[in-house]
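Here the structure comes first, spelled out in structure tokens, and everything after it is commentary.
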Amino acid sequence: MNRRDALLAVLVATLWGVNFVVIDRGMEGIPPLLFLTIRFVTVLGLAIWFVPRPALPWRTVVGVGTFMSLGQFGFLYVSMAAGMPAGLASLVLQAQVVLTIVIAAGVLREVPTTLQVAGVGLGVVGLAVVGLGRGGHVPLGALLLCLAAALSWAVGNVISRASKASGGLSLTVWSALVVPVPALALSLVVDGPSGVRDGLGAFGWEAALSTLYTAAFATITAYGIFHGLLSRNPAPAVVPWVLLVPPIGVVSAWLALGETPSSAELVGGALLVVGALVANGVVRLRRHSVSGSTSSGSVVGLPNR
């Protein structure tokens, strides 16, 4: 991955990290699947009139929309409504990094490099450290729903990568067509017509700003860039950058929601950042020369230029 793509990946991680707090603040009093419906109706309203349909089979567009949009966010929104804190949701969802690399290796034969395995390994350790530091008071159902969101995202990543779509924005926008009807239908089943009606009545200015951010920035901008990165780079080179999302999410939740990070979260977040940098070759393991000879130990250092 070149430097431009790396900077774009950092931008995507930042937009997504802040998104968890934005969702948490905006969804209060609104059924999660209804809120999801409104998000993707807004995406379509903002962009589908100006973005041409991607030159891809409809099965690819539907597959990406089903797994990366409907599945991921349907499970995530319901998870957060069931008690998953915003900061922890940003952490658990990153199980998609490991799942994407495993699925891509099996389906696309994109075997990760040693550095990518090492970086993801550091990221997994960081996830575990942060998770242990958060305590065990999250409802099991909310945790399982968030893990299901991670799996759905991983499948969507692999479908997007396999398509090699040249236009990330067009795939993002047109795949959004998959979301509103089933999401609204599920909301009517789960919440009932009265719940949907009450949710629409509770839709105030915070929900409107949240929807605008999630639609314009977290979806159209971030996923447009992300699909483009996947079209130009192997999946194991792209998805480790998403390990930067949890530290950004934790800090955002700290500043906006008062979720003060523990020392474990700070240590784990640092490991996540280092893991992402190692996986992408910005920081790597190398041997150092000592007194004219090469030492047997390996340390983390900057790559040779």
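So in this note's numbering, spot 35 of the sequence shown is number 35, and the numbers just go up one at a time.
Note that the Cβ used here is the ideal one computed from N, Cα and C, for glycine as well.
Look at residue 72 here: in three-state DSSP terms it is helix. Under the three-state reduction of DSSP output, residue 55 falls in the coil class, being neither helix nor strand.
DSSP, read as helix, strand or coil, puts residue 25 in helix. In the structure shown, the three-state DSSP call for residue 112 is coil. Under the rule that a run must span 4 or more residues, the alpha helix (DSSP H) segments found entirely inside the stretch 217–251 read 222–232 and 235–238.
Each residue's CA atom was taken as its position, placing residue 8 and residue 242 some 11 Å apart. For residue 90, the enclosing alpha helix (DSSP H) starts and ends at 86–92.
Taking one beta carbon from each stretch, the stretch 58–75 and the stretch 152–159 have 3 or more pairs nearer than 8 Å; the two touch. Taking a 10 Å sphere around the C-beta of residue 208, we find fewer than 16 other C-beta atoms and assign the residue as exposed. Taking a cut-off of 8 Å for Cβ pairs, the stretch 29–36 and the stretch 108–125 do not touch, as fewer than three such pairs fall below it. Three or more Cβ pairs closer than 8 Å define a contact, and the stretch 15–22 meets that threshold against the stretch 75–93.
Within the same chain, 83, 84, 85 and 88 come within 8 Å of residue 138 by CB-CB distance, once the 5 residues on both sides are set aside. Here residue 183 has 33, 36 and 37 as same chain residues with Cβ atoms under 6 Å from its own Cβ, once five neighbours each way along the sequence are excluded. The stretch 88–98 and the stretch 184–191 do not touch, with fewer than three beta-carbon pairs separated by less than 8 Å. DSSP places residue 42 inside the alpha helix (DSSP H), whose first and last residues are 32–47.
Residue 81 is not a Cβ neighbour of residue 1, given a cutoff of 8 Å.
In summary, residue 172 is buried, with 16 or more beta-carbon neighbours lying within 10 Å of its beta-carbon over all protein chains present. Judged by DSSP secondary structure, residue 157 falls within the alpha helix (DSSP H) whose first and last residues are 140–163. Look at the beta carbons and you see the stretch 104–112 touching the stretch 222–238: at least three pairs across the two are nearer than 8 Å. In the DSSP assignment, residue 206 falls within the alpha helix (DSSP H) that extends over 205–213. In chain order, 254 place their CB closer than 7 Å to the CB of residue 260, counting only its own chain and leaving out the 5 sequence neighbours on each side. The Cβ atoms of residue 264 and residue 92 lie no closer than 8 Å to each other. Residue state for residue 262 is assigned as coil, using DSSP reduced to three classes. The alpha carbon of residue 4 has as its nearest neighbour, out of 225, 275 and 246, the alpha carbon of 225. In the three-state scheme derived from DSSP, where H, G and I count as helix and E and B as strand, residue 50 is classed as coil.
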